[in-house]
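Visitor: There's a structure below that I have some questions on.
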Amino acid sequence: MSPVIHCCVLCGHDIRDGGSDDSGWMLQFRILYSIDEQVQVTGVGFHNDPGAIHLEAPLDYGARWDTSESRVEIGVIRQSPVNGRHGFPFHEACWSLLEQAYSPRPIPQRRLLDACRSLPFSIEMCCVTWGHDFGGLISADEESYPWEDLFVNQELDFVTSNPFVVPEIQRLPHEAPESLDVPESEAICVVTRRSDVFTKLPAEIISCISHHLPTVDYLNARLAASSFYPIFNAQSFWASRFLPNADRSWVFEAQTWEMPRSWLWIYRRTANGSPGMKNRRRIWQLVETVKQILRLEWFEPASSSITNVIKTDWPQAAGDLRPGFQQPDHGFRGGCRQLREKQVHIPRDQLSHLAFSLIQIGNDTYITGIGFLLSRGETIRLGYMADDERVLNAKCLTGFNLAVGSRGVQAIQCILNGDQESQWIGSPDNAPKTQRLKFAGPITDIKAGFDGYKMVSLAANGCIRPGQKSLRDSAFWYPQIPDASLYLNEGGFTARDTAISRFDPVCWTRFGGPAGKYLRLLTGISVFDLGAIEFHYNSEDVPLECRKIGRYRPSEFDKPIHFKIDGPSGEKIDSLTIYMCSYPNATLWYYNPGISTNYGNSCHFPSMPEKTVQRNGPLEIERAITLVDGSTLTGLYWTQHENTIISLGAISEVV
Numbered sequence: 001m002s003p004v005i006h007c008c009v010l011c012g013h014d015i016r017d018g019g020s021d022d023s024g025w026m027l028q029f030r031i032l033y034s035i036d037e038q039v040q041v042t043g044v045g046f047h048n049d050p051g052a053i054h055l056e057a058p059l060d061y062g063a064r065w066d067t068s069e070s071r072v073e074i075g076v077i078r079q080s081p082v083n084g085r086h087g088f089p090f091h092e093a094c095w096s097l098l099e100q101a102y103s104p105r106p107i108p109q110r111r112l113l114d115a116c117r118s119l120p121f122s123i124e125m126c127c128v129t130w131g132h133d134f135g136g137l138i139s140a141d142e143e144s145y146p147w148e149d150l151f152v153n154q155e156l157d158f159v160t161s162n163p164f165v166v167p168e169i170q171r172l173p174h175e176a177p178e179s180l181d182v183p184e185s186e187a188i189c190v191v192t193r194r195s196d197v198f199t200k201l202p203a204e205i206i207s208c209i210s211h212h213l214p215t216v217d218y219l220n221a222r223l224a225a226s227s228f229y230p231i232f233n234a235q236s237f238w239a240s241r242f243l244p245n246a247d248r249s250w251v252f253e254a255q256t257w258e259m260p261r262s263w264l265w266i267y268r269r270t271a272n273g274s275p276g277m278k279n280r281r282r283i284w285q286l287v288e289t290v291k292q293i294l295r296l297e298w299f300e301p302a303s304s305s306i307t308n309v310i311k312t313d314w315p316q317a318a319g320d321l322r323p324g325f326q327q328p329d330h331g332f333r334g335g336c337r338q339l340r341e342k343q344v345h346i347p348r349d350q351l352s353h354l355a356f357s358l359i360q361i362g363n364d365t366y367i368t369g370i371g372f373l374l375s376r377g378e379t380i381r382l383g384y385m386a387d388d389e390r391v392l393n394a395k396c397l398t399g400f401n402l403a404v405g406s407r408g409v410q411a412i413q414c415i416l417n418g419d420q421e422s423q424w425i426g427s428p429d430n431a432p433k434t435q436r437l438k439f440a441g442p443i444t445d446i447k448a449g450f451d452g453y454k455m456v457s458l459a460a461n462g463c464i465r466p467g468q469k470s471l472r473d474s475a476f477w478y479p480q481i482p483d484a485s486l487y488l489n490e491g492g493f494t495a496r497d498t499a500i501s502r503f504d505p506v507c508w509t510r511f512g513g514p515a516g517k518y519l520r521l522l523t524g525i526s527v528f529d530l531g532a533i534e535f536h537y538n539s540e541d542v543p544l545e546c547r548k549i550g551r552y553r554p555s556e557f558d559k560p561i562h563f564k565i566d567g568p569s570g571e572k573i574d575s576l577t578i579y580m581c582s583y584p585n586a587t588l589w590y591y592n593p594g595i596s597t598n599y600g601n602s603c604h605f606p607s608m609p610e611k612t613v614q615r616n617g618p619l620e621i622e623r624a625i626t627l628v629d630g631s632t633l634t635g636l637y638w639t640q641h642e643n644t645i646i647s648l649g650a651i652s653e654v655v
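By the count of full-length UniProt numbering, the sequence shown reaches residue 655 at its end, each step adding exactly one.
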């Protein structure tokens with residue numbers, strides 16, 4: 001029987017023996033758990049039995065495994081509750097860092113539990129994931145799409161070092177500072193040649209400004225204005241680098257030290273220190289992310305603003321919603337959970353401004369809440385309010401364009417006065433986009449769903465416009481929504497119903513280029529077991545995004561099928577046929593494309609070995625995609641799951 005692997009929710013590393021003299025801390029843990037709606041934190045447990053299914057720890061927070069006879073088993077993450085208890089494990093050292101970051105205030109445990117319940121589980125890591133890289137512990141799988149949440153483990157040699165007890169940090173105030181080589185004359189020479197508007201300010205103000213700047217910003221100011229140069233030699237400035245929220249806040253021990261002889265030396269000494277310092281810094285940055293999430297403030301809509309509309313099956317855009325938290329969901333391996341939902345009424349002709357709250361997790365930004373500012377001075381709020389808020393003038397709101405990832409809403413573009421588009425608010429670049437919430441008139445009601453810290457769904461009530469339920473308007477498109485000049489020929493797209501009703505992103509590319517300008521350069525097609533289709537050209541000028549559909553990790557066992565096309569002489573693809581086959585009593589369908597050209601050549605690309613298909617006798621259906629009369633096939637669109645293209649559509653245009 002394989003050992004059960006448990007991981008720390010905060011740092012992402014295993015709760016186990018790391019195999020080094022300094023890794024004993026990795027066996028010690030606490031569990032944040034709930035029972036009967038009460039949130040608790042256990043004492044310190046010790047996990048040294050790889051065959052044990054459950055973690056066990058004393059319930060008394062002040063107790064330890066080696067001083068307490070009373071220890072209980074608790075189900076964690078994907079496990080079922082044990083005697084009503086279910087939670088999320090943390091290394092005891094990592095929990096101590098989180099406590100230190102909040103000291104002297106307590107950790108908001110219920111908010112933290114809600115955030116943990118919102119995190120999908122990663123098979124690759126055997127842990128929940130926040131959407132960041134755990135400080136370099138993992139990296140995104142470049143052979144997958146952003147919404148697939150697939151990762152590649154990275155090797156960091158310092159992650160087994162104790163991040164809470166770091167002997168090198170404890171020795172710092174007792175070490176003799178080394179002499180520092182500071183090139184003063186060069187810096188002064190640079191700044192004295194420039195005008196300095198800060199010379200009019202008192203030195204105390206310059207010092208105060210410097211203390212509140214990140215170090216890199218101060219150093220830039222020092223090069224730009226000579227008034228900032230003397231601050232460089234001030235002990236108080238370098239001491240401020242070790243205060244909470246500063247560059248070296250992770251060296252929190254420094255806040256209790258008596259004034260050392262050289263704070264600048266200590267600052268440099270901790271720049272690239274021991275493995276323990278590196279792991280401390282890594283996990284402290286993860287702690288700061290958690291604090292940012294837990295700082296979000298939930299606003300309950302005022303009773304006067306809650307809509308009284310009974311029928312609320314409005315058009316909705318949502319991430320990859322999974323079942324809400326009733327019991328641990330073994331299928332929660334990606335996507336998001338909706339823990340709460342609120343709806344409000346927007347009074348007609350009273351809207352003045354919109355306010356959007358944002359939070360950044362890793363490389364992605366998410367919408368956490370919306371505020372509707374009315375002309376009479378009232379504000380209607382939905383969701384969590386964040387420190388980062390963007391305000392937009394909006395008298396008449398007629399819709400939204402949304403960029404939505406599997407974990408939630410990443411960016412919003414407002415449609416004002418019918419057709420005026422605002423700038424994007426958030427980070428839309430790496431997320432599928434949809435315009436299914438674009439209406440013919442003003443929006444009258446809004447319904448939004450949230451997990452423990454961000455918006456995961458948005459629905460609106462308004463006058464439905466013609467074409468709103470088309471594939472172009474209702475699907476989630478990546479990397480952007482196709483232009484209206486392109487024909488989608490959606491009648492033959494087998495995934496149309498799922499694409500317009502839930503989160504099932506549709507990718508697309510124009511292998512023929514704008515107006516088919518690359519068709520004359522096309523020399524062939526290669527199909528890799530329907531994981532990817534590559535297009536070959538006789539020119540290097542064709543962009544990379546035109547050369548391939550699908551993201552697929554090649555294998556040495558791949559046997560691609562090649563099909564030659566004589567584009568330079570005028571040969572081009574003029575038809576696309578989809579062959580669908582299913583095995584008896586199976587819910588999975590296999591999609592096999594076939595193409596033909598205006599020269600009478602054709603090819604069928606099977607996704608399963610032919611002898612297997614014949615032996616098992618599947619049901620096979622042929623569906624030809626009919627192009628708009630007078631148009632030429634110049635692109636393809638598709639949906640893909642787990643390395644396989646499962647549906648394919650044709651893009652055509654007049655060339």
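All residues carry an ideal CB built from backbone N, CA and C; glycine is no exception. Note that the structure is a prediction, hence the values are computed from the model and not measured.
Where HIS604 and LEU576 are concerned, what is the direct C-alpha to C-alpha distance, given to the nearest angstrom?
Guide: Counted from its first residue, the sequence shown places residue 604 at position 604. Counted from its first residue, the sequence shown places residue 576 at position 576. Cα-Cα distance, rounded: 10 Å.
Visitor: Under three-state DSSP, which class holds CYS126?
Guide: Within the sequence shown, residue 126 is the residue found at index 126, counting from 1. Coil, per DSSP.
Visitor: Could you tell me whether the Cβ atoms of ARG111 and LEU339 are closer together than 8 Å?
Guide: In the sequence shown, residue 111 corresponds to position 111, counting from 1. In the sequence shown, residue 339 corresponds to position 339, counting from 1. No, Cβ-Cβ distance for ARG111 and LEU339 is not below 8 Å.
Visitor: Have a look at THR587 and MET580 and give me their C-alpha separation to the nearest angstrom.
Guide: Counting from one through the sequence shown, the residue named residue 587 turns up at place 587. Counting from one through the sequence shown, the residue named residue 580 turns up at place 580. Residue placement at THR587 is flagged as unreliable, the pLDDT there being 47, under the threshold of 50; a coordinate-derived value is accordingly withheld.
Visitor: Below 8 Å CB to CB, which residues in the same chain sit around ALA532 once its five sequence neighbours on both sides are set aside?
Guide: Translated into the one-based positions of the sequence shown, residue 532 becomes position 532. Correct list, in chain order: LYS548, ILE549, GLY550, ARG551, TYR552 and ILE645.
Visitor: How about LEU488 and LEU471: are their beta carbons less than 8 Å apart?
Guide: Translated into positions along the sequence shown, residue 488 becomes position 488. Translated into positions along the sequence shown, residue 471 becomes position 471. Contact: yes.
Visitor: So, under 8 Å CB-CB, GLY383 and PHE503 are touching, yes? Tell me the CB distance rounded to an integer number of Å.
Guide: Here residue 383 is taken as the residue at index 383 of the sequence shown, counted from 1. Here residue 503 is taken as the residue at index 503 of the sequence shown, counted from 1. In fact, because the Cβ distance is near 19 Å, the residues do not count as touching under 8 Å.
Visitor: In angstroms, rounded to a whole number, what distance separates the CA positions of HIS47 and GLY276?
Guide: Within the sequence shown, the letter at position 47 stands for residue 47. Within the sequence shown, the letter at position 276 stands for residue 276. The straight-line gap from Cα to Cα measures roughly 22 Å.
Visitor: Please go through the same chain and pick out, in chain order, the residues whose beta-carbon is closer than 7 Å to the beta-carbon of LEU113, but skip the five residues on each side of it.
Guide: Indexing the sequence shown from 1 puts residue 113 at position 113. For LEU113, where only same-chain residues beyond five positions count, the Cβ hits under 7 Å are LEU32, SER34 and VAL39.
Visitor: First and last residue of the beta strand (DSSP E) that includes CYS603?
Guide: In the sequence shown, counting from the first residue as 1, residue 603 sits at position 603. First-last of the beta strand (DSSP E) with CYS603: 602 to 604.
Visitor: Return the chain-ordered ranges of every beta strand (DSSP E) run that is complete within the stretch 342 to 395 and spans a minimum of 3 residues.
Guide: Segments of the beta strand (DSSP E) lying fully in the stretch 342 to 395: 351 to 361, 364 to 374, 379 to 385 and 388 to 393.
Visitor: Where THR509 and ASP313 are concerned, what is the direct C-alpha to C-alpha distance, given to the nearest angstrom?
Guide: Your numbering for residue 509 matches position 509 in the sequence shown. Your numbering for residue 313 matches position 313 in the sequence shown. Rounded to the nearest angstrom, the two C-alpha atoms are 33 Å apart.
Visitor: Check whether the stretch 379 to 399 touches the stretch 410 to 429, taking contact to mean three or more Cβ pairs, one atom from each stretch, closer than 8 Å.
Guide: Judged by Cβ distances under 8 Å, the stretch 379 to 399 makes contact with the stretch 410 to 429, as three or more pairs qualify.
Visitor: Check whether the stretch 466 to 481 and the stretch 364 to 374 touch, using three or more Cβ-Cβ pairs below 8 Å as the test.
Guide: With a cut-off of 8 Å, the stretch 364 to 374 and the stretch 466 to 481 do not count as touching, because too few Cβ pairs lie within range.
Visitor: Excluding the 5 residues preceding and the 5 following ALA484 in the sequence, name in chain order all residues of the same chain whose CB lies nearer than 8 Å to its CB.
Guide: Stepping through the sequence shown from its first residue, residue 484 is reached at position 484. ARG472.
Visitor: What's the call for ASN592, buried or exposed, on a 16-neighbour Cβ count within 10 Å?
Guide: Here residue 592 is taken as the residue at index 592 of the sequence shown, counted from 1. With 16 or more other Cβ atoms within 10 Å, it is buried.
Visitor: Does the ligand FMN have even one heavy atom less than 7 Å from the beta-carbon of ILE651?
Guide: Only the bare structure without any ligand can be found here, which leaves the ligand FMN out of the picture.
Visitor: Tell me the residue span of the alpha helix (DSSP H) that contains THR498.
Guide: Here the question's residue 498 lines up with position 498 in the sequence shown. Run containing THR498: 496 to 501, per the alpha helix (DSSP H) assignment.
Visitor: In terms of DSSP beta bridges, what is PHE151 paired with?
Guide: What you label residue 151 is simply residue 151 of the sequence shown in a count that begins at 1. According to DSSP, PHE151 bridges with ALA140.
Visitor: The alpha helix (DSSP H) that contains CYS546, what's its start and end?
Guide: Locating residue 546 in the sequence shown gives position 546, where the first residue counts as 1. No alpha helix (DSSP H) contains CYS546, which DSSP labels as neither H nor E.
Visitor: Is it the case that the stretch 116 to 124 contacts the stretch 63 to 76, given that we only count it when at least three CB pairs across the two stretches are under 8 Å?
Guide: Contact fails: fewer than three Cβ-Cβ distances are below 8 Å.
Visitor: Bridge partners of CYS414, per DSSP?
Guide: Along the sequence shown, read from residue 1 onward, the residue named residue 414 stands at position 414. The partner list for CYS414 (beta bridge, DSSP) reads PHE400.
Visitor: Just to confirm, are SER427 and GLN413 a CB contact at a threshold of 8 Å?
Guide: The sequence position of residue 427 within the sequence shown is 427, counting from 1. The sequence position of residue 413 within the sequence shown is 413, counting from 1. Contact: no.
Visitor: Could you check the C-alpha separation between ASP217 and ARG269 for me, to the nearest Å?
Guide: One-based indexing of the sequence shown puts residue 217 at position 217. One-based indexing of the sequence shown puts residue 269 at position 269. If you take the alpha carbons of ASP217 and ARG269, they lie about 20 Å apart.
Visitor: Between the alpha carbons of LYS278 and VAL41, how many angstroms are there, rounded?
Guide: Here residue 278 refers to the residue found at position 278 when the sequence shown is read from its first residue. Here residue 41 refers to the residue found at position 41 when the sequence shown is read from its first residue. LYS278 and VAL41: Cα-Cα distance of roughly 27 Å.
Visitor: State the start and end residues of the unbroken beta strand (DSSP E) segment that holds TRP263.
Guide: In the sequence shown, counting from the first residue as 1, residue 263 sits at position 263. Unbroken run through TRP263 is the alpha helix (DSSP H), 263 to 269; no beta strand (DSSP E).
Visitor: In terms of alpha-carbon separation, which member of HIS174, VAL197 and VAL251 lies closest to ALA221?
Guide: One-based indexing of the sequence shown puts residue 221 at position 221. Nearest of HIS174, VAL197 and VAL251 to ALA221, Cα basis: VAL197.
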